[in-house]
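Protein chains in written order, with the numbering used here: chain A, 243 to 480; chain B, 243 to 480.
Protein chains: 2
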Amino acid sequence: MNTKSEPETAAAYDPGAFDRPSVTVDVVALTARDDRLHVLLVRRGVWPFEGQWALPGGFVKMDEDLYAAAQRELCEETGVPAATYLEQLYTFGAPGRDPRTRVISVAYYALLPGPGGGPACAEPEAGSDAAEARWWPVDALPPLAFDHGEIVATALSRLRAKLGYTSVAYALLPEEFTLSELQRVYEVILARPLDKRNFRKKMLAADILEPTPRQRRVGAHRPAQLYRFTRREAVLLD
Amino acid sequence: MNTKSEPETAAAYDPGAFDRPSVTVDVVALTARDDRLHVLLVRRGVWPFEGQWALPGGFVKMDEDLYAAAQRELCEETGVPAATYLEQLYTFGAPGRDPRTRVISVAYYALLPGPGGGPACAEPEAGSDAAEARWWPVDALPPLAFDHGEIVATALSRLRAKLGYTSVAYALLPEEFTLSELQRVYEVILARPLDKRNFRKKMLAADILEPTPRQRRVGAHRPAQLYRFTRREAVLLD
DNA sequence: GGTACTATGTGTTTAATGAACACGAAGTCA
DNA sequence: TGACTTCGTGTTCATTAAACACATAGTACC
């Protein structure tokens, strides 16, 4: 805040007296499926960028927390359940980014478990307002509306960085999972192969996993031990 | 952005049709002086929090970039020259954070060289709108207006983290400096002593410093070699 | 001019961490 | 019972981080 007397005082008593930007939230929802990282996009039904794909998002309500607005827009527009992880990413506010008027967008990124991850991994349905909603592989995105390409790129680099020093991966996996599945999530996000032995060693040493009494037997080979995260929240490693 | 047709369309053609939050920028300006880290605060002249200390900041103009708004508010309200480093920090938007109306604040943090650092380290003067402006040691702040205490805390933890993997320290030092001065900046920010030999070894190995032809002779002891950063911008280390 | 004073400047050892690397085990299926 | 496929496990080596002490180059004072 500032100490200017005129605009602030005026704003207090007459909120409509000055032009002010619109404020939206946009959500980069990410999930790992089919050994690729995917983003959830909706197809726009109205000008501008009509027919193009864009991030789900919308206006912040007058008495609504930013975090709550992001969660709400994600669910409303895409039909997916609440994200297992949702964090503010960056605020995009270049004057020309929306051709209609000045729009400042607070971007969030969300993580959801992939298929088989329980209710939170449900398929998107076109929400109340979106013409269409679907998952797109991040390495083969269509042209995006507004500056949403930049927003997605920012989200990816944040997620890659965060994967290195926190346990956020929990948000992309179901309650129980094998170490191979966990490793695949890391490989998909980092887009490079990891050494199996080093990976398992590091994960088990990090004290964030515990074995469950169950195994997963699938296919004609040795069954895998199932693990779960000891805490379903992102904790700092090291 | 979203694909809702009603509000967006309305916003495009009648920006005043809906209540919308006010958007401000607040700036956490930091500098190192007297072997302590300091924040620049202004004393508020009007309700609410009249007489209390707050971060410099103010409304974003309709056609103004967020970064430019932060730079402008910093200079206008405190009289300090343009920051050598300015980066977006986080956006604070809890509905009750300002008692007047809904205010969403995009916080930035700025770094300035300490005394002796040339024009950029000039003393603050009460700006056009601020009753008073001065540097406060971060470990002995007065009670702050709004949620500005939280904003300062966020800035400090960001700066501490960033110091570890980038060369941002350049922004807190004058063009030329000694390795001891550089080390003191690190110690002040991290609030712990560092080993001199390890510090020098790491800094020189990072390939971000170059010696100048000059030395600094001050006091009754051996003069120190002066260095400068090879690039006056934050680069990633490792 | 000699001595005290003070910050500068410099290497080595040790511990911890990260990277590379191969093979037997436990299942299913034909 | 043999072929197939994924699971599960240790060691070595290189790199990085942490601990640690003393001679040097100036000034100030006697």
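The C-beta atom is built at its ideal place from N, Cα and C for all residues, glycine as well.
Taking all protein chains shown into account, decide if residue i is buried (16 or more other Cβ within 10 angstroms of its Cβ) or exposed.
i, result
"P263 (chain A)", "buried"
"G293 (chain A)", "exposed"
"L335 (chain A)", "Looking at the sequence shown, residue 335 (chain A) is not Leu but Gly. By the 10 Å Cβ count, G335 (chain A) comes out buried."
"Y407 (chain B)", "exposed"
"H390 (chain B)", "buried"
"E248 (chain A)", "With a pLDDT of 39 at E248 (chain A), under the threshold of 50, the modelled position of that residue is not reliable, and no figure is offered here."
"A382 (chain A)", "exposed"
"P355 (chain B)", "buried"
"D276 (chain B)", "exposed"
"M304 (chain A)", "exposed"
"D340 (chain B)", "buried"
"G496 (chain B)", "For residue 496 (chain B) there is no data in the structure shown, the boundaries of chain B being 243 and 480."
"A478 (chain A)", "In the sequence under discussion, the amino acid at residue 478 (chain A) is Leu, which differs from the Ala named in the question. Exposed, by the Cβ-count rule."
"A462 (chain A)", "exposed"
"V380 (chain A)", "buried"
"A397 (chain A)", "buried"
Can you tell which of the options has the C-alpha that lies nearest to the C-alpha of residue i?
i, options, result
"D307 (chain B)", "A:Q313, A:L401, A:A271, A:R344", "A:R344"
"Q317 (chain A)", "A:T333, A:Y412, A:L297", "Note that residue 317 (chain A) corresponds to Cys in the displayed sequence, not to Gln. The shortest C-alpha separation from C317 (chain A) is found at A:L297."
"P357 (chain B)", "B:H280, B:A375, B:R456", "B:H280"
"L283 (chain A)", "A:V460, A:Q457, A:V394", "A:V394"
"E475 (chain A)", "A:D449, A:S409, A:E423", "A:S409"
"L432 (chain B)", "B:R278, B:L451, B:R458", "B:R278"
"E365 (chain A)", "A:K443, A:E452, A:A324, A:R456", "A:A324"
"V288 (chain A)", "A:D449, A:R473, A:A373, A:T273", "A:A373"
"W227 (chain A)", "A:R459, A:R285, A:I450, A:D276", "In the structure as shown, chain A starts at 243 and stops at 480, and residue 227 (chain A) therefore has no counterpart that could be examined."
"L331 (chain A)", "A:R402, A:K303, A:T420", "A:R402"
"S347 (chain B)", "A:V265, A:H463, A:A466", "A:V265"
"L272 (chain B)", "B:E319, B:K443, B:W378, B:T333", "B:W378"
"F388 (chain A)", "A:T320, A:G338, A:A447, A:R439", "A:G338"
"E418 (chain A)", "A:E319, A:T454, A:T320", "A:T454"
By Cβ distance, which residues of its chain are closer than 7 Å to residue i, with the 5 residues on each side in sequence left out?
i, result
"A413 (chain B)", "T326, Y327, L353"
"A312 (chain B)", "V267, V269, L328, Y350"
"E452 (chain B)", "Y469, R470, T472"
"V302 (chain A)", "V265, T266, V267, L308, A311"
"R400 (chain B)", "L331, Y351"
"R459 (chain B)", "P465"
"E423 (chain A)", "L415"
"E392 (chain B)", "none"
Sort out for me which residues DSSP pairs residue i with in a bridge.
i, result
"E452 (chain A)", "A:R470"
"Y332 (chain B)", "B:A349"
"E482 (chain A)", "Any answer about residue 482 (chain A) is impossible in this case: the structure gives chain A only from 243 up to 480."
"H390 (chain A)", "For H390 (chain A), which the question treats as bridged, DSSP gives no partner whatsoever."
"T273 (chain B)", "B:H280"
"P385 (chain B)", "Answer by DSSP bridge pairing: none, since P385 (chain B) is not bridged."
"P379 (chain B)", "B:H280"
"L478 (chain A)", "A:T408"
"S264 (chain A)", "A:V345"
"Q457 (chain A)", "A:Q467"
"A433 (chain A)", "Paired residue(s): none; A433 (chain A) is not in a bridge."
"T420 (chain A)", "A:L468"
Please work out which residues of its chain come closer than 8 Å, Cβ to Cβ, to residue i, disregarding the five sequence neighbours upstream and downstream, and give them in chain order.
i, result
"Y428 (chain B)", "L405, A411, L436, F441"
"R314 (chain A)", "E306"
"R376 (chain B)", "L282, L283, P366"
"L386 (chain A)", "L283, Q294, W295, A296, L297, V394"
"Y309 (chain B)", "L328, Q330, Y350"
"V430 (chain B)", "A274, D277, R278, L279"
"R342 (chain A)", "P290"
"D480 (chain A)", "Y407"
"R426 (chain B)", "A274, D277"
I'd like the list of long-range same chain contacts for residue i, defined as Cβ closer than 6 Å, with 5 residues on each side in sequence excluded.
i, result
"G359 (chain B)", "P416"
"R456 (chain B)", "L468"
"P384 (chain A)", "W295"
"K246 (chain A)", "Summary for K246 (chain A): the model assigns pLDDT 38, below 50, so the residue's position carries little reliability, and this model does not support an answer."
"A448 (chain B)", "L479"
"A333 (chain B)", "According to the sequence shown, residue 333 (chain B) is Thr rather than Ala. So the list reads V348, once near-sequence residues are dropped."
"T320 (chain B)", "L282, P298, P366, G369, A375"
"L421 (chain B)", "R442"
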